[in-house]
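Structure first, then comments.
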Amino acid sequence: MRQYQQRYVDNLATIANLSVVSAQLPENVTVFMEQRNENTKQINALIEENTDLLRRNLMPVIDDIISASEEEIQDLDDFADRLLQGSDQLDLFLNYIVRNALVTYARKWGKRDMLIKELYYTGLALFYMQDRLIGAGLHLYQWKMSLMFGEAAGYIKKYDEIEDAQTRGYIHRSMANLALSYPWKPEKEAVKKLDIIRYSMKILTDPVYRAKTPTLPWDTFVYKSHQERSSGTAYLKDAADGANPKIVGEILESTEYVWRMQLEADQKRGKAPSSRWILKYELTQYHCGIRSLSYLLTQIEKCYMERDPSDYSQSGIENNLYVPAIYAEYIALDERAKYKKKEILGYMYRMMVKYVKGMPGNQRDARMVRNLLMAVSRFIEYPGGISLKDFLLELVVCRNPDVYADSRMVAHISQKLMLQAVERAPHLLLGLLGCEDIGQVKERAPQLARFAYESGMLHDVGFISVSSLMVQTGRSWFEEEQKMYESHVYAGRNLLQECESTKPYVYTAFGHHRFYNEKGGYPEAYRRDENPNQVVTDMVSVAAFLVQEMDGSSYPFHKEAPGKELLASARLEAGSRLSPAVVGLLDGWEEELVEYLQNGKTEAYEEAFDLLRGNNGAYAILSDAASKPGN
Amino acid sequence: MSMEEERLESVWGSVSSPIIVFHKDDPLEPVYENQEMRLMRKGKPFFEMLAPKEAEALCFEIPRRGERRAPLFCHMEKKVYSAVLFDWEEYCSCILHDVSQYYYHNQKELEEAQLANRAKTNFLSAMSHDIRTPMNAIVGMTNIALMQDDIPLKVQDCLDKIRVASGHMMSLLNDVLDMSRIESGKILLQVEDLDVADLLHEILIVARPQTDGKKQHFHVEIGHMEKERIQADGMRLAQICNNLLSNATKFTPKGGEIRLFLEVSRLTYRPLSRDAEGKEYVLRIQVEDDGIGMEKEFLPRIFQPFERERTMTVSKIQGTGLGMAITQSLVKMMGGHIQVESQVGEGTCFTIEIPVDAAADAQNLHSQALEGKRILLLDDDEQQGQVLVDMLHSLGMQWDWARTAEEAVDDLNESVFLDKEYFAFLTAEKIQNVEMMDFLPEIRKRMGSQFPMLMLYGDDWSQTEYLLTRAGVDAFIPLPLFRSRLLAGLYSFTEEYRVEEARKQKLAEVDFARYRILLVEDNELNREIAQEILQLTGMGVEHAANGKEAVEKFSRSEPHYYDMILMDIQMPVMDGLEATRQIRALSRPDAAKVPIVAMTANAFLEDVKDSLEAGMNAHISKPLDMDQVYNCIKLFLGEETV
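For the record, the sequence lines run as chains A and B. All residue numbers for the first sequence refer to my numbering, where the first residue is 1 and numbers rise by one. All residue numbers for the second sequence refer to my numbering, where the first residue is 1 and numbers rise by one.
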């Protein structure tokens, strides 16, 4: 690696350390805030330095990659390796850009082995980029990933001309990974996926190919292919009775294979098989018609009962969070089961609350968040039981203290705006929460204020699934990153739209970045006239605008702006970006607002940490519910 | 007498006027005539007593059950009869009334009126010549500007539009003339092979700016195109369509909807007009708007000259009131018919049906070059995709139709494993959920620089052409979709096309420098334009200001000094026709052979006929069209070189 590359990588590591909230939650939030401000300054300086390093050293090479020397190309290759090492994604997007440039270089100069390798790695970067968008339900990179893997895999036709064993390995890997770009749904895609896996496996198990390149890890390749094919429960679940028997057979075969290999491996290690593998096996058995739903549910319950509620290891987290998530997913398949198992799932949710709140140390563990999100995405609400809304407010949003703190401030300002509207412009609120006249608006002021507050708290809930981006970006953003950042509104919408308790907040989560006049902002898919709670979204938009403009600490692309100037800029945006009616509601309490904008964050962080420590904080709903059997 | 004759005798026998009855299916053989008729024809066959044209007209009308409303006169000996046809059971009865007195009385007035009309036509014709001279300058200068190198894309686009629009303006100038020409029966249709796609292109160039100017939504729909190349008078068809579209634009408010529909289908009914007899196809044109509409009472008068509805004058909409009359006359001349439906406040719909013949389709040879080749098609519009697939099928091509970018990539990937080879990638302009400016360069990289990538493009692509070309697009197929356009687009990437182009290139490299041409033109500006165009070929150009000067120059020159003469027709001192006659009459070896090509602004059939009769070899119309000039020169001079 070149000196600037090493420096860049070092800076990234420093930025990651500075931006992360330490595992040990701070006792004194004021000290934490001061430290955070100090860190932010350092981070900003490093970001500037990194951006400059790239602009001066990397971009000229990338822009004219075909003229690069072999030495430069080798350094770029090393640099790209360092930026993305397996799941260690130091700088995924930069890795992608460098890899893409290397593809161009290899293509231009006809360096076939290099082209195959770089196509594989570019495809891999795209896979990880696509993976980050799962929560948002977007598929921005799928076609390109397929294009890269597909081209590399196509070199199987010239296998004998390629002598390098590693390059041959990239061809096999690409072919196997090509299957990743096909989803399991709809069936047409599943058929394609299985076709490519079958084609790949035929080669991987062909003694002639094995003899041609004996040094390749053939059995690992085969195992990985079976693993991918065994993940077809998504297809089986949707296909139900109409499943294609050939596909069912292949998925079953691969599941058996993976299960057998896992058992052998666990036996060697002297370990019991993990609940994830057991469940995967049982799910396939059920979907392939070997076992009944009641048998499956009993097996899941059995897995759950074997959990240790104080185990916070990976398997412990899976048993306590993943297993209930799967349980909810499968009882949802049958209305009777959903009704009959209400008590059990309610129990699992209550235990989940206790488990999450009781986690010692680093409560923002990535595995914890991932499994928590699985539970959220499969959440079932029962009348009188724990609602998804409370679950999110009390348990999920605080997993990212920065998002929580901002949301808390937005919630506070939105609530104030709502109360201002009740007093000064009640006509704006007609129709909201069923208010038919001004009298009802006044009467329902507390409910309206609560609605505005919760809308603020949940407006950025989608960030939970893309938050890793915020921590790890140690330079100015690329366009792709802006797109990914914007995907949080889709992720938010997807999280909120499944349950009754969260549906009222969907439009605000989706549309709070779209301009009032619909001529700017994002997403374009948001339709203001379809939003029954337009005024609440407008309030959250105004509040979010003020908070984001004020606080540059979490969002490197925003500048700090003093409070009063900030109000003036909000007024300038009235009618275009922001609702003029809502901006008008800022009049009359400017001092209080500015004071809150300047100091409110401390209180907000305090609340976040309080929740992360397992205290009730501002909420006692879940804790109360958790203590009441029958919920 | 047969029973049938007896029955007919019982019906018609007592009528005092001459009557002859025909079976509708056999108009040549009378089945009955009364005593008066027998006395009148004195044993001669009925049709032999009539002038041939009158006999033909009568024969034509009999099967049509006397639908004709205009009187049908029959001259027999010195008398004139009006023939009235009656539809009766399976027969058509023809009753002749002696109208000799009335006819000869009115004939005099008619002749006087015709004389006056002819004077009007001549006046208008002369005036139109004067108006068209400056138009020549506009068209000519535009052509010269277009030939300059490195014209900015936008300027070229504007010049193209000026060229086409000014060409159309020339034909609009003719509109005023047309009515009088129609009235005097002088208009002759120039039926030639015509590409419907070209016709539409010409129509849109004029119509689109009009609808855009009023921010109207202009939709073009193409129905079933049984044939895309037909035999018709393209200029007149464009005139008809633009008349209708211009009206639709005028009488539709800002933001309104205007729809143009074109279709060529098999003719399934027997056309009424004799001009349409034997035609196999029908060109159907529909222009519909949601404008102000017309009163029911006005509709029967809409096609009468100078008729305008009251609302038009109230709303100060300009117009001569000739447009619809010309339109109907032209449609009738083509053997077609026009219908109108309208409702006040709801809009108007004109439907025109014109029987046409199919033209020879040279492109079929091109499709052979594409047979069996496979296209990767990316289009998420089911309807458009299906049309494309049908067209590819008709070209004998194979295809894989992807509806998403992902599917397109899948197809590319699969093609490697299945040893399928794509000849080209054809994509819609926009595909849901993918940014084409990202997608296309990746496909280009993957498939290499030689792989043809074509894009269907609905709007004017000059604005985005640069970006799309940079993204990897090689060619654009304009929408609405025509098989001929698709074929031409795809064919241009075949080996056969490359060979053909190389041959054309060889042709284009003909060295004209050794040739000398005599340009005979009185108008200085026109001469300058023609000279510039001709000099671009590298040939020597000399000029004469009128016919007399041309004859003198030719006479004084050495034999074979001039290789060609380009001759204007209307010139002072001596016109081109006379000059040609005099040159041809000279007794020198090259006088009969030197190619003389007429140049005239009045490119009517009768002018062409006159110039050929005077001894000219060919005719090119003014304003001079570059391609036409080069082709003409090549025709007479180039062949020997090549």
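Beta carbons are placed, not taken as given, at the ideal position from N, Cα and C, and that holds for glycine.
task = Give a yes or no on whether 8 Å exceeds the smallest Cβ distance from residue 493 of chain B to chain A.
result = Here residue 493 of chain B refers to the residue found at position 493 when the second sequence is read from its first residue. No, no contact with chain A.
request  = Please confirm whether residue 536 of chain B and residue 141 of chain B have their CB atoms less than 8 Å apart.
outcome  = Residue 536 of chain B sits at position 536 when you count from the first residue of the second sequence. Residue 141 of chain B sits at position 141 when you count from the first residue of the second sequence. Residue 141 of chain B is positioned such that its CB atom lies no closer than 8 Å to that of residue 536 of chain B.
key: Continuous beta strand (DSSP E) stretch holding residue 511 of chain A: start and end   = For the purposes of this step, residue 511 of chain A is taken as the residue at position 511 of the first sequence. Not the beta strand (DSSP E): residue 511 of chain A falls in the alpha helix (DSSP H), residues 506–511.
Under 8 Å between C-beta atoms of residue 3 of chain B and residue 20 of chain B = The residue labelled residue 3 of chain B in the question sits at position 3 within the second sequence. The residue labelled residue 20 of chain B in the question sits at position 20 within the second sequence. No, they are not a contact pair.
inquiry  = Quick check on residue 201 of chain B: does DSSP put it in helix, strand or coil?
reply    = Numbered from 1 along the second sequence, position 201 holds the residue referred to as residue 201 of chain B. In this structure, DSSP gives residue 201 of chain B a helical state, which the three-state scheme calls helix.
task = Tell whether a beta-carbon distance below 8 Å holds between residue 415 of chain B and residue 406 of chain B.
result = As a working note, residue 415 of chain B is residue 415 in the second sequence. As a working note, residue 406 of chain B is residue 406 in the second sequence. At a Cβ-Cβ threshold of 8 Å, residue 415 of chain B and residue 406 of chain B do not count as neighbours.
request  = Tell me, please, whether the CB atom of residue 405 of chain B is closer than 8 Å to any CB atom in chain A?
outcome  = What you label residue 405 of chain B is simply residue 405 of the second sequence in a count that begins at 1. Residue 405 of chain B counts as touching chain A.
message = So, at 7 Å on beta carbons, what are the nonlocal neighbours of residue 83 of chain B in its own chain, with the 5 sequence-adjacent residues on each side left out?
response = Here the question's residue 83 of chain B lines up with position 83 in the second sequence. 58, 72, 74, 94 and 96.
query = So which residues of chain A does residue 442 of chain B contact, with C-beta pairs closer than 9 Å?
reply = What you label residue 442 of chain B is simply residue 442 of the second sequence in a count that begins at 1. For residue 442 of chain B, the neighbours in chain A by C-beta distance under 9 Å run, in chain order, 143, 144, 147 and 148.
request  = State the Cα-Cα distance for the pair residue 144 of chain A and residue 421 of chain A, rounded to the nearest angstrom.
outcome  = The count along the first sequence starts at 1 and reaches residue 144 of chain A at position 144. The count along the first sequence starts at 1 and reaches residue 421 of chain A at position 421. Rounded to the nearest angstrom, the two C-alpha atoms are 49 Å apart.
key: Cβ-based burial, residue 243 of chain B [other Cβ within 10 Å; buried from 16]   = To locate residue 243 of chain B, count along the second sequence from 1; it is residue 243. So residue 243 of chain B ends up on the buried side.
key: Beta-carbon neighbours of residue 157 of chain A, restricted to chain B and to distances below 9 Å   = To locate residue 157 of chain A, count along the first sequence from 1; it is residue 157. Correct list: 416, 417 and 419.
Contact set between residue 107 of chain A and chain B, taken where Cβ atoms lie within less than 7 Å = Here residue 107 of chain A refers to the residue found at position 107 of the first sequence. Near residue 107 of chain A (Cβ distances below 7 Å), the residues of chain B are 445.
Neighbouring residues, chain B, relative to residue 178 of chain A (Cβ below 7 Å) = If you number the first sequence from 1, residue 178 of chain A lands on position 178. Residue 178 of chain A reaches chain B at 413, counting residues in chain order whose Cβ is nearer than 7 Å.
task = Report yes if the CB atom of residue 512 of chain B is closer than 8 Å to the CB atom of residue 633 of chain B, and no otherwise.
result = Taking the second sequence and counting its residues from 1, the one referred to as residue 512 of chain B is at position 512. Taking the second sequence and counting its residues from 1, the one referred to as residue 633 of chain B is at position 633. A contact, by the Cβ cut-off of 8 Å.
request  = Anything in chain B within Cβ reach of residue 185 of chain A, meaning under 9 Å, just list it in chain order.
outcome  = Sequence index remark: in the first sequence, residue 185 of chain A carries index 185 (1-based). Listed along the chain, the chain B residues whose CB falls inside 9 Å of the CB of residue 185 of chain A amount to none; the nearest CB is some 13 Å away.
inquiry  = Between the alpha carbons of residue 148 of chain A and residue 119 of chain A, how many angstroms are there, rounded?
reply    = Against the first sequence, residue 148 of chain A aligns to sequence position 148. Against the first sequence, residue 119 of chain A aligns to sequence position 119. Rounded to whole angstroms, the separation of the alpha carbons of residue 119 of chain A and residue 148 of chain A is 5 Å.
ask   = Between the segment 347–381 of chain B and chain A, which residues of the former have a C-beta closer than 7 Å to a C-beta of the latter?
value = Answer in chain order: no residues at all.
ask   = the segment 273–304 of chain B: which residues have C-beta closer than 7 Å to a C-beta of chain A, in chain order?
value = Hits within the stretch: zero.
ask   = Considering only the beta carbon of each residue, do residue 128 of chain A and residue 178 of chain A sit closer than 8 Å?
value = Numbered from 1 along the first sequence, position 128 holds the residue referred to as residue 128 of chain A. Numbered from 1 along the first sequence, position 178 holds the residue referred to as residue 178 of chain A. Result no, Cβ atoms of residue 128 of chain A and residue 178 of chain A do not sit closer than 8 Å.
task = Would you tell me roughly how many angstroms separate the C-alpha atoms of residue 328 of chain B and residue 300 of chain B, rounded to the nearest one?
result = What you label residue 328 of chain B is simply residue 328 of the second sequence in a count that begins at 1. What you label residue 300 of chain B is simply residue 300 of the second sequence in a count that begins at 1. Their backbone Cα atoms lie some 12 Å apart in a straight line.
query = Going by C-alpha distance, which of B:79, B:366 and B:499 is nearest residue 101 of chain B?
reply = If you number the second sequence from 1, residue 101 of chain B lands on position 101. Taking only the C-alpha atoms, the option nearest residue 101 of chain B is B:79.
ask   = With DSSP run on the structure shown, which of helix, strand or coil describes residue 230 of chain A?
value = Here residue 230 of chain A refers to the residue found at position 230 of the first sequence. Reduced to three states, the DSSP call for residue 230 of chain A is coil.
key: Length of the line joining the Cα atoms of residue 104 of chain A and residue 66 of chain A   = Your numbering for residue 104 of chain A matches position 104 in the first sequence. Your numbering for residue 66 of chain A matches position 66 in the first sequence. One C-alpha to the other measures close to 7 Å.
inquiry  = For residue 196 of chain B and residue 339 of chain B, what's the separation of their Cα atoms in angstroms?
reply    = Numbered from 1 along the second sequence, position 196 holds the residue referred to as residue 196 of chain B. Numbered from 1 along the second sequence, position 339 holds the residue referred to as residue 339 of chain B. Looking at the two C-alpha atoms, the distance is approximately 21 Å.
message = If the criterion is Cβ atoms closer than 8 Å, does the pair residue 474 of chain A and residue 62 of chain A meet it?
response = On the first sequence, position 474 is the one that residue 474 of chain A refers to. On the first sequence, position 62 is the one that residue 62 of chain A refers to. Against a cut-off of 8 Å, the Cβ pair of residue 62 of chain A and residue 474 of chain A comes out as no contact.
inquiry  = Helix, strand or coil for residue 398 of chain B? Go by DSSP, reduced to three states.
reply    = The count along the second sequence starts at 1 and reaches residue 398 of chain B at position 398. The answer is strand: DSSP assigns residue 398 of chain B an E or B state.
ask   = Expressed to the nearest angstrom, what Euclidean distance is found between the alpha-carbon atoms of residue 99 of chain B and residue 89 of chain B?
value = Counting from one through the second sequence, the residue named residue 99 of chain B turns up at place 99. Counting from one through the second sequence, the residue named residue 89 of chain B turns up at place 89. Rounded to the nearest angstrom, the two C-alpha atoms are 28 Å apart.
Residue 328 of chain A beta carbon less than 8 Å from that of residue 379 of chain A = Within the first sequence, the letter at position 379 stands for residue 379 of chain A. Within the first sequence, the letter at position 328 stands for residue 328 of chain A. Cβ distance < 8 Å, so residue 379 of chain A and residue 328 of chain A count as in contact.
ask   = Closer than 8 Å, CB to CB, is residue 498 of chain A near chain B or not?
value = Taking the first sequence and counting its residues from 1, the one referred to as residue 498 of chain A is at position 498. Chain B contact via Cβ: absent.
query = Going by C-alpha distance, which of A:167, A:414 and A:357 is nearest residue 612 of chain A?
reply = Sequence index remark: in the first sequence, residue 612 of chain A carries index 612 (1-based). Among A:167, A:414 and A:357, the Cα nearest to that of residue 612 of chain A is on A:357.
query = Which class does residue 571 of chain B belong to by DSSP, given the choice of helix, strand or coil?
reply = Walking along the second sequence from the start, residue 571 of chain B turns up at place 571. Reduced to three states, the DSSP call for residue 571 of chain B is coil.
query = According to the neighbour-count rule (16 or more other Cβ atoms, all chains shown, within 10 Å of its Cβ), is residue 455 of chain B buried or exposed?
reply = For the purposes of this step, residue 455 of chain B is taken as residue 455 along the second sequence, with counting starting at 1. Buried, since its Cβ has 16 or more Cβ neighbours within 10 Å.
message = Give me, in chain order, the residues of the same chain whose beta-carbon lies closer than 6 Å to that of residue 350 of chain B; leave out the 5 immediate sequence neighbours on both sides.
response = To locate residue 350 of chain B, count along the second sequence from 1; it is residue 350. Answer for residue 350 of chain B: 244, 287 and 340, listed in chain order.
C-beta neighbour in chain B for residue 232 of chain A, strict 8 Å = One-based indexing of the first sequence puts residue 232 of chain A at position 232. No, its Cβ sits nowhere closer than 8 Å to a Cβ of chain B.
task = Taking all protein chains shown into account, decide if residue 110 of chain B is buried (16 or more other Cβ within 10 angstroms of its Cβ) or exposed.
result = As a position in the second sequence, residue 110 of chain B is number 110, starting the count at 1. So residue 110 of chain B ends up on the exposed side.
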